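As structure tokens, the structure follows; a few thoughts come after it.
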Amino acid sequence: MSGGAGSAPTPSSQIADFANKQAELGASWLNFSKESFAVSTARQAEIDALTKQVAQSQIALANDNAAYTKQITDKQMAMAEEQMALGKQVTAKQLEQADYLDQIAKEDRERYNTVFKPIEDQFVNEASNYATEERQDAAAAEAMADVQTAASSARGTALRQATAMGINPTSGRYAGIDRAGELGGALATAGAANSARSTVRDKGLALKADVVNLGKGLPTQSAQATAMGLNASSNALSGSTATTGLGLGAGNAAISNNSNAVGLGMGAQSSALTGLLGANNAYLNSTSQMNTGYGGAISGYGGAASTFNNLFNSQLQAYQTKANQSNSTWGGIGQAIGLGAGLIFSSEEWKEDKEPIEEGAALDAVNEMPVESWKYKEGVADGGEHVGPYAEDFHQATGQGDGKTIPVQDAIGLTMKAVQDLDVKVNKIADAIVGLGGAAPKVSPLRKAKPMEAEAAGAAMPGLGMRRAA
1 MSGGAGSAPT PSSQIADFAN KQAELGASWL NFSKESFAVS TARQAEIDAL
51 TKQVAQSQIA LANDNAAYTK QITDKQMAMA EEQMALGKQV TAKQLEQADY
101 LDQIAKEDRE RYNTVFKPIE DQFVNEASNY ATEERQDAAA AEAMADVQTA
151 ASSARGTALR QATAMGINPT SGRYAGIDRA GELGGALATA GAANSARSTV
201 RDKGLALKAD VVNLGKGLPT QSAQATAMGL NASSNALSGS TATTGLGLGA
251 GNAAISNNSN AVGLGMGAQS SALTGLLGAN NAYLNSTSQM NTGYGGAISG
301 YGGAASTFNN LFNSQLQAYQ TKANQSNSTW GGIGQAIGLG AGLIFSSEEW
351 KEDKEPIEEG AALDAVNEMP VESWKYKEGV ADGGEHVGPY AEDFHQATGQ
401 GDGKTIPVQD AIGLTMKAVQ DLDVKVNKIA DAIVGLGGAA PKVSPLRKAK
451 PMEAEAAGAA MPGLGMRRAA
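With the first letter of the sequence shown counted as 1, position 235 gets the number 235 in UniProt numbering; the numbers rise by one all the way through.
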């Protein structure tokens with residue numbers, strides 16, 4: 001008995017639908033881009049015109065500011081020239097005054113050298129030699145003489161007074177009074193001498209100081225007079241310079257204020273232009289967002305079409321795999337039971353101890369069993385080349401068989417259950433695609449048919465649309 005897997009799966013119509021939608025959306029995107037470009041061109045023309053107008057206005061303001069600055073600068077140059085002329089005049093006056101004062105200083109110096117200096121020298125000599133030892137001794141002797149004269153006069157007066165009081169000049173009492181008078185006179189004489197010497201020395205030092213001060217005064221007076229004349233001229237020049245500086249500062253302030261006003265005007269115009277450019281950029285950004293949306297939609301349609309195409313490829317690969325497995329299985333079964341003994345006792349009425357097989361277990365068992373092309377050894381079976389699993393692997397995966405042979409009915413049942421598991425997987429993939437916005441795949445009308453009705457309708461196997469072997 002030869003095996004068969006039915007017809008190949010039909011590609012989903014969603015692939016073409018999404019491809020057409022992608023092309024339509026691309027055309028819409030192109031039209032939108034053309035419209036946006038036309039609007040942007042018109043807006044850019046307005047912005048270019050306004051930019052040119054603002055630039056011309058700013059150039060005019062800059063020219064006006066330059067003219068005003070030149071006018072103020074010309075006035076400042078005139079003031080500077082007047083200041084320079086005044087400075088020259090004051091400098092000439094200062095030089096003239098300096099020459100005059102220099103002449104006076106020379107005359108005063110000449111007068112000092114010829115008149116005052118000889119007197120100073122004489123005065124210095126007398127002052128320096130005034131407090132000599134001889135003069136001090138003479139002053140002391142004169143003071144002592146005066147004291148002794150006074151003391152002698154005082155003793156005479158005392159003698160007369162004592163005599164009048166009845167005291168005998170030769171008595172011891174009188175001698176004591178006379179001795180006390182002599183001692184007081186001696187003390188007075190020594191004090192007068194010392195005082196006279198100190199007076200002479202102090203007067204000599206005072207005369208020396210007067211001489212020194214007299215020598216310093218005259219040159220200082222001449223220098224002060226010269227400095228006063230120069231300071232008067234300098235003050236006049238400083239006053240004129242300050243006035244000129246105020247004028248120059250006022251001119252600079254006027255230029256600065258005008259420049260600030262021009263800058264504010266230019267800034268206001270630039271701000272207006274910046275605002276317009278910002279609005280235009282916002283419009284361009286909005287068109288960029290639309291472009292992003294179009295691009296995302298086209299990518300979405302392309303991705304959906306790709307997903308459906310991948311699904312079709314998966315179905316096609318499953319069909320090919322199933323066809324290969326079916327051919328090898330049915331070929332093996334045919335070889336095992338022969339062409340004339342193809343009946344298996346399989347009525348539900350003849351069976352008991354029924355248990356469902358866990359979903360996916362049969363497909364996992366089939367996937368785990370190696371299926372290879374091999375040849376019987378000489379003397380075994382038909383000795384030909386076949387495709388199929390090994391009895392050892394089948395027994396390990398299912399527990400059926402003796403590890404040397406494969407029961408035909410178990411092999412058919414395992415294969416059919418694996419095909420059902422594969423069908424469940426394919427349906428899950430289709431449901432996931434529908435959740436992403438695709439169309440639901442078509443379900444075979446025999447999907448829920450009874451076994452006998454399905455067999456009468458052509459026995460299409462559910463899920464993969466493949467035909468059962470004839």
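Ideal Cβ positions, reconstructed from N, Cα and C, are used throughout, including at glycine. Model, not experiment: these values are computed from the prediction.
Boundaries of the beta strand (DSSP E) harbouring Ser373: Glu372 to Lys375, taken from the DSSP string.
Take Ala139, set aside five residues on each side of it, and the residues of its chain with a beta-carbon closer than 6 Å to its own are Ala196 and Val200, in chain order.
Here Val380 carries a coil assignment [DSSP, helix/strand/coil]. With respect to the C-alpha of Gln76, the residue from Gly247, Thr415 and Ser288 having the closest C-alpha is Gly247.
Bridge pairing for Val424: absent [DSSP]. In the displayed model, Gly184 falls within a helix according to three-state DSSP. Gly388 has Glu372 as its beta-bridge partners, per DSSP. Using a Cβ distance threshold of 9 Å, Val39 and Tyr283 count as a contacting pair.
Taking 9 Å as the cut-off, the beta carbon of Asp410 is found no closer than this to the beta carbon of Gln396. When Ser259, Ser128, Asn113 and Tyr100 are compared, the shortest CA-CA separation from Asp210 is found for Ser128.
Burial is judged here by how many other beta carbons sit within 10 angstroms of a residue's own beta carbon; Ile406 has at least 16 and is buried. For the pair Asn258 and Val54, the Cα-to-Cα distance works out to about 19 Å. Gly265 carries a helical assignment under DSSP once its states are collapsed to helix, strand and coil.
The beta carbons of Leu414 and Thr398 sit about 6 Å from each other, so the pair counts as a contact at 8 Å. One thing to note: Ala206 has its Cβ no nearer than 9 Å to the Cβ of Gly181. With contacts defined by Cβ atoms closer than 9 Å, Leu50 and Leu311 do not form a contacting pair. Within the region 18-43, no complete alpha helix (DSSP H) segment of 4 residues or longer occurs. Collapsing the DSSP output to three states places Pro118 in a helix.
A Cβ-Cβ separation of about 34 Å leaves Asp121 out of contact with Ala192 under the 8 Å criterion.
Around the beta-carbon of Gly251, 16 or more other beta-carbon atoms lie within 10 Å, marking it buried. Residue environment for Pro370: exposed (fewer than 16 other C-beta atoms within 10 angstroms of its C-beta).
Contact annotation: the region 81-99 touches the region 236-243, with at least three C-beta pairs closer than 8 Å.
Look at the beta carbons and you see the region 417-431 touching the region 351-369: at least three pairs across the two are nearer than 8 Å. The beta-carbon distance between Gln320 and Pro9, rounded to whole angstroms, is 10 Å. This is too long to meet the 8 Å contact definition. Nearest to Glu385 by C-alpha distance, out of Glu392, Ala391 and Trp374, is Trp374. A contact between stretches requires three or more CB pairs, one per stretch, nearer than 8 Å, and the region 254-270 meets this requirement with the region 61-80. The residues Leu61, Ala62, Asp64 and Asn65, in chain order, have a CB closer than 8 Å to that of Val262 in the same chain once the five nearest residues on each side in sequence are set aside. DSSP places Ser347 outside any alpha helix (DSSP H), giving it a letter other than H or E. Rounded to the nearest whole angstrom, the C-alpha separation of Arg155 and Thr114 is 58 Å. Proximity to Met84 across Ser288, Thr243, Thr69 and Ala42 peaks at Thr243, based on C-alpha coordinates. Residue Thr41 holds the alpha-carbon nearest to the alpha-carbon of Asn281 among Ile429, Thr73, Thr41 and Thr170. In the DSSP assignment, Gln136 falls within the unbroken alpha helix (DSSP H) covering Glu133 to Ala164.
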